[in-house]
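Quick note on numbering: the working numbering labels position 357 of the sequence shown as 380, and the sequence is numbered without any gaps.
Beta carbons are placed, not taken as given, at the ideal position from N, Cα and C, and that holds for glycine.
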Amino acid sequence: MDMLPRERFSALGGRLHPPVISALMAAALDNPRLLSLAAGFTDTRTLPVTSVTWTVERLGCREGSPEHLQYGTTQGRRRLRELLSARTSQQDAGSPGGIVPARTMLGNGSQQLLYIAMQVLCDPGDIVLVDRPTYFVFLEMLSGLGVTPVSLPARADGSWDFEAIDALLTAMRADGRASRIRAIYLLGYFANPSGLSRSETDKSALAARLRAADLVVPVIEDAAYRELWFHQPWLARSVFALDAWEGFSRLYLGTLTKPFATGLKIGFAHASEADLLERMVWLKGHHDFGSANFNQAVLEHIIEEGEFDTHLVGIRRAYAGKMLALHRGLERAGLRRLGWEWAVPDGGLYLWLRAPDGVDTGIDGPFWKACMKEDVLYVPGDLCIAERDDRRFVRLSFGVLEPPALEEAAARFAHAAERVAPSK
Numbered sequence: 024m025d026m027l028p029r030e031r032f033s034a035l036g037g038r039l040h041p042p043v044i045s046a047l048m049a050a051a052l053d054n055p056r057l058l059s060l061a062a063g064f065t066d067t068r069t070l071p072v073t074s075v076t077w078t079v080e081r082l083g084c085r086e087g088s089p090e091h092l093q094y095g096t097t098q099g100r101r102r103l104r105e106l107l108s109a110r111t112s113q114q115d116a117g118s119p120g121g122i123v124p125a126r127t128m129l130g131n132g133s134q135q136l137l138y139i140a141m142q143v144l145c146d147p148g149d150i151v152l153v154d155r156p157t158y159f160v161f162l163e164m165l166s167g168l169g170v171t172p173v174s175l176p177a178r179a180d181g182s183w184d185f186e187a188i189d190a191l192l193t194a195m196r197a198d199g200r201a202s203r204i205r206a207i208y209l210l211g212y213f214a215n216p217s218g219l220s221r222s223e224t225d226k227s228a229l230a231a232r233l234r235a236a237d238l239v240v241p242v243i244e245d246a247a248y249r250e251l252w253f254h255q256p257w258l259a260r261s262v263f264a265l266d267a268w269e270g271f272s273r274l275y276l277g278t279l280t281k282p283f284a285t286g287l288k289i290g291f292a293h294a295s296e297a298d299l300l301e302r303m304v305w306l307k308g309h310h311d312f313g314s315a316n317f318n319q320a321v322l323e324h325i326i327e328e329g330e331f332d333t334h335l336v337g338i339r340r341a342y343a344g345k346m347l348a349l350h351r352g353l354e355r356a357g358l359r360r361l362g363w364e365w366a367v368p369d370g371g372l373y374l375w376l377r378a379p380d381g382v383d384t385g386i387d388g389p390f391w392k393a394c395m396k397e398d399v400l401y402v403p404g405d406l407c408i409a410e411r412d413d414r415r416f417v418r419l420s421f422g423v424l425e426p427p428a429l430e431e432a433a434a435r436f437a438h439a440a441e442r443v444a445p446s447k
């Protein structure tokens, strides 16, 4: 096949590589024998077919102009923005941080809004501080944009190591890197991939460290999994509601795809500063001048009628059961006996596993190849670490497979682990 010379592309075009997530999703769909614990698909069985069908019929029978089939605005439907602003404010116990419809925008999932935010805030050569581990698709995004991620030091349990953070910020000020820090990206609720949630105390302590280091830069809190708790919500408020973050430009990202229907692809962003949101709306106008108005109208009606919350009750129960099926399957298959470690999450879609020393979980390593022979797929954990300096971790998703398939996948995974277990 003919190829364009590299110099024909822009700097961005030349930096691009095939997204790992696309390959993982394709592998799961192309091989019927493969049991994928990799791509974060949601549960097909619980997709809200009845609610969506009922809503579309109601929209079709509504008197007046069929405006839901016309173009919408770039910022998104006003009523849906009102509903989402009120919802986030309620979750934040009446957040005084300015979550209002005028500073809320809608996008094609929160992923698009995250990309737009990075384009607005960062230039090639800039730095973004991130969790360790963090959302690996975000790390790929930064690579494409020529932006360098730097991990906030963490302890073994994933909590922030504030003494090490202080030392990192001091070192970055000394060597000049601090002047290139343009944003902080945090995963506050049932994080992808770790499953961790951050306390208000830790969020406020991080703000204090940054302020002391004279790094009052925009903070992005990604709350994609906030509504996917199993037994009770994580009650810590977002950065919008915490006094410690006053004076920082704040951006909160949420989505209606993971907790409702991924195929409708609608996410949202709340901005504390009007000029940040304004520029994001302008840039989105260059992309598509507005996400699908029909999808927004469907979700607006579903939230207003209470169907969204009814659906959440069912999927929380389903995901809690699936998580336990995978967790218990791994335990029954003897994975802990082989030296693997993981915590049981309280929400989200993932288990985050640490392999014993001597096991390399990276792509094309011995363990990866053993899993391919067993027809089971995972996300290598080093993809989720900015520095790619630790190849002992694995992310497993329990979203799409049914419990019996999850138990079989766990058995296959453990069999692969036994093949490559270090000799004692």
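Environment of residue i [buried if 16+ CB atoms lie within 10 Å]
i    : result
T76  : exposed
C84  : exposed
N131 : buried
A297 : exposed
Y138 : buried
V336 : exposed
W183 : buried
I204 : buried
G370 : buried
A378 : buried
G313 : buried
M24  : Low confidence applies to M24: its pLDDT is 43, below 50, so where it sits in the model is not reliable, and the reading given next is rough at best. Per the 10 Å Cβ criterion, exposed.
V72  : exposed
R31  : exposed
D154 : buried
Q135 : buried
G472 : A question about residue 472 goes unanswered here, because the residues of the chain that appear run from 24 up to 447.
In DSSP terms, what residue i is bridged to
i    : result
W365 : L376
H293 : T127, Y275
Y208 : V153, I243
S420 : Y373
P71  : According to DSSP, which records beta bridges pairwise, P71 is partnered with nothing at all.
W257 : For W257, which the question treats as bridged, DSSP gives no partner whatsoever.
P172 : V151
L58  : V399
W77  : W77 is not bridged to any residue.
W268 : Looking at the DSSP assignment, W268 forms no beta bridge with any residue, so it has no partner.
W183 : A177
W252 : G370
Beta-carbon proximity of residue i to residue j, cut-off 8 Å
i    : j    : result
S108 : P124 : yes
V382 : P403 : no
S133 : T278 : yes
G211 : S220 : yes
I289 : L322 : yes
D127 : A292 : Asp is not the amino acid found at residue 127; the sequence shown has Thr there. Against a cut-off of 8 Å, the Cβ pair of A292 and T127 comes out as a contact.
P147 : A34  : yes
C407 : P216 : yes
A437 : G357 : yes
S74  : E330 : yes
R339 : F283 : no
I150 : I207 : no
L276 : D311 : no
I170 : P42  : It should be pointed out that residue 170 corresponds to Val in this sequence rather than to Ile. Contact flag unset, no.
L274 : T280 : no
L372 : F421 : yes
G99  : S295 : no
A366 : G218 : yes
D66  : V423 : yes
A267 : A214 : no
L400 : S45  : no
H324 : L70  : no
G167 : R302 : no
L152 : L175 : yes
P426 : G344 : yes
D189 : R232 : yes
W391 : A440 : no
L258 : V143 : no
F185 : A228 : yes
L103 : Q255 : no
R411 : T384 : no
CB contact check: residue i to chain D, cutoff 8 Å
i    : result
F159 : Absence of chain D from the displayed structure is noted, only one protein chain being present.
Discussion item. Quick check for students: name the residue ranges of the alpha helix (DSSP H) that lie wholly in the segment 92-166, counting only runs of 4 or more.
Written reply: 101-114, 132-144
Worksheet item: Does the segment 345-357 touch the segment 426-443, meaning 3 or more C-beta pairs lie closer than 8 Å?
Response: yes
Item to complete: Mind the definition here: the segment 89-106 touches the segment 253-269 only if three or more C-beta pairs lie below 8 Å; say whether that holds.
Response: no
Worksheet item: Taking contact to mean at least 3 C-beta pairs separated by less than 8 Å, is the segment 184-199 in contact with the segment 228-243?
Response: yes
Worksheet item: Going along the chain, which unbroken runs of the alpha helix (DSSP H) with 4 or more residues stay wholly within the segment 318-368?
Response: 330-355
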